[in-house]
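Engineer:
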Ligand code: IMP
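Residue numbers (the numbering used here): 689 to 1104.
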């Protein structure tokens, strides 16, 4: 039975831990979009590890880790990540990079940074070169993983592209092909080239039990998210068939990961955002700082309007609710049940999609449970008020909650 795990909010829902947990029962974990903009935090023997491009299945012995064609791969960061894993004695022999995946170069990162610096309405990108690399892909001018196999051709290709970028003022005039950044890039390309292997047979092997790992979240989707404050790929389900070459009919479990509250990093509308000390407290206890950039994450109450949209969009049939323990601190906890704009009120997110900065959330309030739940492993042992909160969310989303996470460690989960 193949499974999908994807973020239902604006990313950072805690997917890494859940992929690590679920990948015990699969032999392939595959990423289909995004790149080093992601930061999936996992713990191995008590040590915190942040994976950016390697799928979180790498912690399981013999698991095949696929970096799909829909990804944009940064060789420099990937090289560092693989070396760190090797130092920790994880086997990296089973990493497969699709030959068709596109490559982020120092040039793309420089374009990303310049775009942001000069923009009036800043997106707040991670600066990892994601957007510019996808631009080159769709402009049919991209560099693909397969191009790394011929070093001279690669250098020519990139030197030419840099020339165009300088001519068009896409980057600062100081960027030079002889810069150290390019040397590091070419060395990293050489290092990762041994991982470039055809992924089709794995994705279509009868014996493969596949777990697909989404990065970012549904609301950051380039087509279905809060455009233009989105990432440049499709974290939603459509990205899987194009980004891995596998039809979604092959998946029976579509697991949406939702934080028990909401966070967002970068700019863009966020209806349930809290600007008071409750928001600050969530940020503080939830350690809500970006795993990739260290930026503080904006925090707010759980938004069932947005969650229902994500569930429908992706056909999610199970939910994992993460970081419930962070809410233990509060006397009152709120859930947004509808939006209001002028006189119109609705719980249909799509109606407000292009007006999200104007909507007012309508809340239902719950009494908090005010006690530590981080070592509870059984649903029955949860305090009554926590159960009430969970059951309400399950009902309003009309989708089964399969796992509740109550702390960062692998064993801090309640399976239902
Ligand atoms: P980009 O993906 O770097 O182009 O950034 C576009 C938007 O997506 C920005 O608001 C980023 O903060 C956000 N973003 C990108 N990757 C992640 C992620 O893994 N978690 C949360 N937000 C992300």
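The beta-carbon is built from N, C-alpha and C at its ideal position, and this holds for glycine as well.
Here the structure is a predicted model, which means the values were calculated and not measured.
(1) Less than 7 Å separating the Cβ of residue 991 from some heavy atom of the ligand IMP?
(2) The alpha helix (DSSP H) that contains residue 1114, what's its start and end?
(3) Just to confirm before moving on: does the CB-CB distance between residue 873 and residue 787 stay below 8 Å?
(4) How long is the line joining the alpha carbons of residue 819 and residue 1013, rounded to whole angstroms?
(5) Determine the DSSP secondary structure at residue 697, reduced to helix, strand or coil.
(6) Which residue marks the beginning of the alpha helix (DSSP H) containing residue 803, and which one marks its end?
(7) Which full runs of the beta strand (DSSP E) of 3+ residues lie inside the stretch 998-1042, going along the chain?
(8) Can you tell which of 996, 1015, 981 has its C-alpha closest to the C-alpha of residue 987?
(9) Rounded to a whole number of angstroms, what is the C-alpha to C-alpha distance between residue 940 and residue 826?
(10) Residue 700: beta carbon under 7 Å from a heavy atom of the ligand IMP?
(11) In chain order, what residues of the same chain lie with their CB nearer than 7 Å to the CB of residue 982, ignoring the 5 residues before and after it?
(12) Would you say residue 957 and residue 1025 are within 8 Å of each other, going by their C-beta atoms?
(13) On the criterion of 16 or more Cβ atoms from any shown chain inside 10 Å, does residue 1002 qualify as buried, or is it exposed?
(14) Am I right that residue 742 and residue 705 are in contact with their C-beta atoms under 8 Å? What's the rounded C-beta distance?
(15) Can you name the residues that DSSP bridges to residue 729?
(16) Please determine, among 966, 943, 937, the residue with the shortest C-alpha to C-alpha distance to residue 950.
(17) Quick check: the Cα distance between residue 752 and residue 724, rounded to an integer number of angstroms?
(18) For residue 1061 and residue 1021, I'd like the C-alpha separation in whole angstroms.
(19) Who are residue 1051's beta bridge partners in DSSP?
(20) If distances are taken between C-alpha atoms only, which option among 744, 738, 722 comes closest to residue 712?
(21) Nearest-angstrom Cα distance between residue 768 and residue 1074?
(22) So residue 662 packs on residue 1004, CB below 8 Å; how close in whole Å?
(23) Using C-beta distances below 8 Å, list every residue in its chain close to residue 925, excluding the 5 sequence neighbours before and after it, in chain order.
(24) Going by beta-carbon coordinates alone, are residue 927 and residue 758 separated by less than 8 Å?
(25) Quick one: is the Cβ of residue 919 within less than 7 Å of any heavy atom of the ligand IMP?
(26) Consult DSSP for residue 893 and reduce its assignment to one of helix, strand or coil.
(27) Nearest-angstrom Cα distance between residue 876 and residue 727?
(28) Going by alpha carbons, who is nearest to residue 810 out of 1071, 916, 1048, 870?
(29) Quick one: is residue 837 buried, meaning 16 or more other Cβ sit within 10 Å of its Cβ, or exposed?
(30) Let me check understanding here. Comparing Cα to Cα, which of 865, 779, 756, 999 lies closest to residue 1082?
(31) Do residue 816 and residue 835 come within 8 Å of each other at the CB atom, strictly closer than that value?
(32) Going by the beta-carbon positions, is the gap between residue 1091 and residue 1104 smaller than 8 Å?
(33) So the alpha helix (DSSP H) residue 1085 belongs to, where does it begin and stop?
(34) I'd like the ranges of any alpha helix (DSSP H) spanning at least 4 consecutive residues and lying wholly in the stretch 926-964.
(35) On the criterion of 16 or more Cβ atoms from any shown chain inside 10 Å, does residue 828 qualify as buried, or is it exposed?
(36) Hey, out of 864, 851, 938, whose CA is closest to residue 893's CA?
Structural biologist: Concretely, from the data shown:
(1) The ligand IMP never approaches residue 991 closely enough for any of its heavy atoms to be under 7 Å from the residue's Cβ.
(2) The structure shown has nothing for residue 1114, since the chain only spans 689 to 1104.
(3) no
(4) CA-CA distance, residue 819 to residue 1013, rounds to 35 Å.
(5) coil
(6) 794-806
(7) 1006-1010, 1020-1029, 1032-1034
(8) Among 996, 1015, 981, the Cα nearest to that of residue 987 is on 1015.
(9) 31 Å
(10) yes
(11) none
(12) no
(13) So residue 1002 ends up on the buried side.
(14) The pair is not a contact, with the Cβ atoms about 15 Å apart (cut-off 8 Å).
(15) 738
(16) Distances from the CA of residue 950 to each of 966, 943, 937 were compared; the closest alpha carbon is that of 966.
(17) 19 Å
(18) The alpha-carbon atoms of residue 1061 and residue 1021 are separated by roughly 15 Å.
(19) 1024
(20) 744
(21) Going by the C-alpha atoms only, they are around 41 Å apart.
(22) As shown, the chain starts at 689 and ends at 1104. That puts residue 662 outside it, with no answer to give.
(23) Excluding residues up to 5 positions away in sequence, 692, 694, 936, 942, 1001, 1002, 1003 lie with their Cβ nearer than 8 Å to the Cβ of residue 925 in the same chain.
(24) yes
(25) yes
(26) Residue 893 falls in the coil class under three-state DSSP.
(27) 20 Å
(28) 916
(29) exposed
(30) 999
(31) no
(32) yes
(33) 1072-1085
(34) 926-932
(35) exposed
(36) 938
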